[in-house]
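Since the structure comes first, as structure tokens, the remarks are kept for the end.
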Amino acid sequence: MDLLNTLVDKGLRRELPTREEALAVLATSDDDVLDVVAAAGKVRRKWFGRRVKLNYLVNLKSGLCPEDCSYCSQRLGSKAEILKYTWLGHEEASQAAAAGVAGGAKRVCLVASGRGPTDRDVDRVSKTIEAIKEQNEDVEVCACLGLLSDGQAERLRAAGADAYNHNLNTSEATYGGITTTHTFADRVDTVQQAQAAGMSACSGLIAGMGESDADLVDVVFALRELDPDSVPVNFLIPFEGTPLAKEWNLTPQRCLRILAMVRFVCPDVEVRLAGGREVHLRSMQPLALHLANSIFLGDYLTSEGQEGKADLAMIADAGFEVEGAGTTTLPEHRADVAAAGCGGHGGGGCGPCGDGEATPEAADGAPVGEARTDLVAVRRRGAGTDLPPNA
Ligand code: SF4
Numbered sequence: 001m002d003l004l005n006t007l008v009d010k011g012l013r014r015e016l017p018t019r020e021e022a023l024a025v026l027a028t029s030d031d032d033v034l035d036v037v038a039a040a041g042k043v044r045r046k047w048f049g050r051r052v053k054l055n056y057l058v059n060l061k062s063g064l065c066p067e068d069c070s071y072c073s074q075r076l077g078s079k080a081e082i083l084k085y086t087w088l089g090h091e092e093a094s095q096a097a098a099a100g101v102a103g104g105a106k107r108v109c110l111v112a113s114g115r116g117p118t119d120r121d122v123d124r125v126s127k128t129i130e131a132i133k134e135q136n137e138d139v140e141v142c143a144c145l146g147l148l149s150d151g152q153a154e155r156l157r158a159a160g161a162d163a164y165n166h167n168l169n170t171s172e173a174t175y176g177g178i179t180t181t182h183t184f185a186d187r188v189d190t191v192q193q194a195q196a197a198g199m200s201a202c203s204g205l206i207a208g209m210g211e212s213d214a215d216l217v218d219v220v221f222a223l224r225e226l227d228p229d230s231v232p233v234n235f236l237i238p239f240e241g242t243p244l245a246k247e248w249n250l251t252p253q254r255c256l257r258i259l260a261m262v263r264f265v266c267p268d269v270e271v272r273l274a275g276g277r278e279v280h281l282r283s284m285q286p287l288a289l290h291l292a293n294s295i296f297l298g299d300y301l302t303s304e305g306q307e308g309k310a311d312l313a314m315i316a317d318a319g320f321e322v323e324g325a326g327t328t329t330l331p332e333h334r335a336d337v338a339a340a341g342c343g344g345h346g347g348g349g350c351g352p353c354g355d356g357e358a359t360p361e362a363a364d365g366a367p368v369g370e371a372r373t374d375l376v377a378v379r380r381r382g383a384g385t386d387l388p389p390n391a
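Sequential numbering of the sequence shown, starting at 1, is according to the UniProt record's numbering.
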């Protein structure tokens, strides 16, 4: 296919595809999905080989958020029966982080619900970062605390945070339909504050919230403009009790096309397969490793992922290898600019959904749009519970 040959050539040269080319990837048919994966896989292998970076989420503060992000199980008024707790102590947080590192993660992502941290919260998280780094100085730490105020990024960086995650989530045009309590511009501003403070920026999207193909291309082009080191791709988990609970529209093939498009637009950036991978890709997850070079190990913020051991087995069976702590994630030309790799929101509140295409069938024969609540398990172990974490 001429389109795919062109995109591979551009990806190998780090050249930006046109919007039309990115849209054309999303418009390919299910018959062509293996060709699309193979083409984007060439770009992935050029910049990241067969390495898979593992990241581990620690939900420091869960639920009870005053913001109204429609996709999020922790939002204002959410009826989702998730774990709700306030700030974990440093010891519990660093123990959870250590479990992830022992399981193979090279990055720990410290996430807290809320609009943004107070200065006291920044102190609290700084102490947790210091505790984690004391245990293991090589571990990368990413903070994800919401919108930042003046000076907070610098303080987190000084405390040892390598990266900061704040997702753009969806296109600027559709942002107001998803969240009313803050704006797309607020999110861009926080990512830029993190970059200005010397942290590696991690910023991505959530697919499946009812957006169009043009919206998806818009948000990925906006991300490319922002130039984060890592782009987490979440697939909406339609939690019961949230406004998007009925948005069951993604198929595994659609998810693969979205990941391929992101890889072509951001060829040398860490593309992270994030929340919703088990729910929407299901048995097709291994194919996504040909597109993304990074995943979350174990559970998400408010939902359970597949067992950490199953993640490791999947990586080995698919012929990939876990990226070691001594390896730099980014290609040399980017690593020179960024001090570290990147993190991701991971989508405890970020789940899957649909795109307004015609109604295809999911791989198991269930019509797209039919609720698959059997696929969503609310997290009941790890941080905030007495049960051991999944790592
Ligand atoms: S995504 Fe973050 S800011 Fe939005 S409702 Fe969820 S926890 Fe709050």
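Here a beta-carbon is modelled for each residue, glycine too, at the ideal position from N, C-alpha and C.
- Around the beta carbon of H280, a 10 Å sphere encloses 16 or more other beta carbons of the protein chains shown; the residue is thus reported as buried.
- No Cβ-Cβ contact shorter than 7 Å links G276 with F221.
- DSSP places M209 within a strand segment (E or B) once states are collapsed to three.
- The beta-carbon distance between A260 and V233, rounded to whole angstroms, is 11 Å. This is too long to meet the 8 Å contact definition.
- Distance check between A158 and each of V125, T170 and S171 places V125 closest, using alpha-carbon atoms only.
- Between T190 and L145, the gap from beta carbon to beta carbon reaches 7 Å or more.
- In this chain, R381 is not harboured by any beta strand (DSSP E), its DSSP state being neither H nor E.
- If you look at Y175, you'll find it in the alpha helix (DSSP H) that goes E172 to I178.
- Here E140 is near D162, since their CB atoms are less than 7 Å apart.
- As the crow flies, the alpha-carbon of A325 is around 11 Å from that of E137.
- At least 7 Å separates the beta-carbon of S78 from that of T179.
- The alpha helix (DSSP H) runs lying completely inside the region 87-144 and spanning 4 residues or more are 90-102 and 119-135, given in chain order.
- Sequence-distant Cβ neighbours of S283 in its own chain, meaning closer than 6 Å and more than five residues away, do not exist here.
- With fewer than 16 other beta carbons inside 10 angstroms of its own, Q135 counts as exposed.
- Contact between E304 and R257 is ruled out by a C-beta separation of about 26 Å, above the 8 Å threshold.
- 7 Å or more divides the Cβ of K61 from the Cβ of S94.
- Here the alpha carbon of K127 sits roughly 25 Å from the alpha carbon of R187.
- Per DSSP, reduced to three states, the secondary structure at S230 is strand.
- Using a cutoff of 6 Å, the CB of C65 counts as near ligand 1, since one of the ligand's heavy atoms is closer than that.
- 7 Å or more divides the Cβ of T302 from the Cβ of S70.
- For E247, the three-state secondary structure derived from DSSP is coil.
- Counting C-beta pairs closer than 8 Å gives fewer than three between the region 29-40 and the region 80-89, which falls short of the contact rule.
- Taking 6 Å as the cut-off, the C-beta of Q74 counts as close to a heavy atom of ligand 1.
- If you ignore the 5 residues before and after L4, its C-beta comes within less than 7 Å of the C-beta of D35, V36 and A39, all in its own chain and listed in chain order.
- Counting only residues of its own chain and dropping the five nearest sequence neighbours on each side, D215 has a CB closer than 8 Å to the CB of T170, S171, A173 and T174.
- DSSP places I295 inside the beta strand (DSSP E), whose first and last residues are S294 to F296.
- With contacts defined as CB atoms closer than 7 Å, R14 and D336 fail to qualify as a contacting pair.
- Of the candidates A102, I132, S212 and R155, R155 places its Cα closest to the Cα of T118.
- Of the residues assessed, H333 falls on the exposed side of the cut-off, its CB having fewer than 16 other CB atoms within 10 angstroms.
- Rounded to whole angstroms, S294 and A318 show a C-alpha spacing of 14 Å.
- Distances taken from the Cβ of S171 to the heavy atoms of ligand 1 include none shorter than 6 Å.
- Here DSSP, grouped into helix, strand and coil, assigns E321 to strand.
- Taken through DSSP and simplified to helix, strand or coil, A201 comes out as strand.
- In terms of Cβ geometry, A22 and V231 do not form a close pair [threshold 7 Å].
- For V58, there is no enclosing alpha helix (DSSP H); the residue is found in the beta strand (DSSP E) stretching over R51 to K61.
- For R45, the three-state secondary structure derived from DSSP is helix.
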